[in-house]
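So the sequence shown is numbered by this note's numbering: it starts at 62 and just counts up by one.
Quick reminder that beta carbons are idealized off the backbone N, C-alpha and C, glycines included.
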Amino acid sequence: KGTQANYIKEKFGIPQISTGDMLRAAVKAGTPLGIAAKKVMDAGGLVSDEIIINLVKERIAQADCAHGFLFDGFPRTEAQAVALDQLLSSKQTSISAVIALDVTEEELVKRLLNRGKTSGRTDDSDEAVIRKRFAVYLAETSPVASHYKKAGKFQTIPGEGTVDEIFHSLSTLIDQSIG
Ligand code: AMP
């Protein structure tokens, strides 16, 4: 998702807001938030909704977000989705589209173990942690799909294929959603 988010950011000229990247920056900087988040991230769990919502709230208040933005890895729980809807509604705006990239667990394990060889991410180097993240996704994040389905905003595209093919499908969907 990070790979595709980077391309979308370039093509549509909007900032990419990756809550994972923001958390990793806090870990690197050794802030109290980073120290607390690291334990959860290393175990493959989810950082608390309160922390995440505050991070996002501060981020979207910045000037570069005035004409739109792309979230990468957020919202990851129903509570985050509800808080986001409220936050955007207070700014007289709303989410245009939510897109999930569909990839099997086995393919994800393969990709993340491979990324772990070079990314230095502790959560990518241990297969048990990768499988835990997948289980957390099914339990905590998949309800977010229903939340946005009800609003007619949820779409899913196959996440297996070449990077270019996936980017083409994504761009088409985004064009339709914002057009
Ligand atoms: P990612 O970079 O999106 O793969 O996220 C890496 C890790 O950061 C996740 O496994 C979670 O521990 C944490 N994280 C990132 N985004 C969120 C979020 N929206 N809610 C809770 N935890 C998050």
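Closest option to V108, judged by alpha-carbon separation, among S203, V88 and A158: V88. By the Cβ neighbour-count rule, P204 is exposed, with fewer than 16 other Cβ atoms within 10 Å of its own. D184 and A206 have their C-alpha atoms roughly 24 Å apart. For the options D225, S238, T64 and K72, the alpha carbon positioned closest to that of G134 is the one of T64.
Not a single heavy atom of the ligand AMP lies less than 6 Å from the C-beta of T92. Under the DSSP definition of a beta bridge, V190 lacks any partner. Remark: the C-beta of M83 is outside contact range of the ligand AMP, defined as less than 6 Å to any heavy atom.
Counting other Cβ atoms within 10 Å of its Cβ, Q237 stays below 16 and is therefore classed as exposed. Less than 7 Å separates the beta-carbon of T138 from that of E201.
P76 sits in coil when the DSSP states are folded into three classes, being neither helix nor strand.
Taking 7 Å as the cut-off, the Cβ atoms of K193 and G105 count as close.
For R172, the CB stays at least 6 Å from every heavy atom of the ligand AMP.
In the displayed model, A212 falls within coil according to three-state DSSP, outside both helix and strand. DSSP places I218 in the strand class (E or B) of the three-state scheme.
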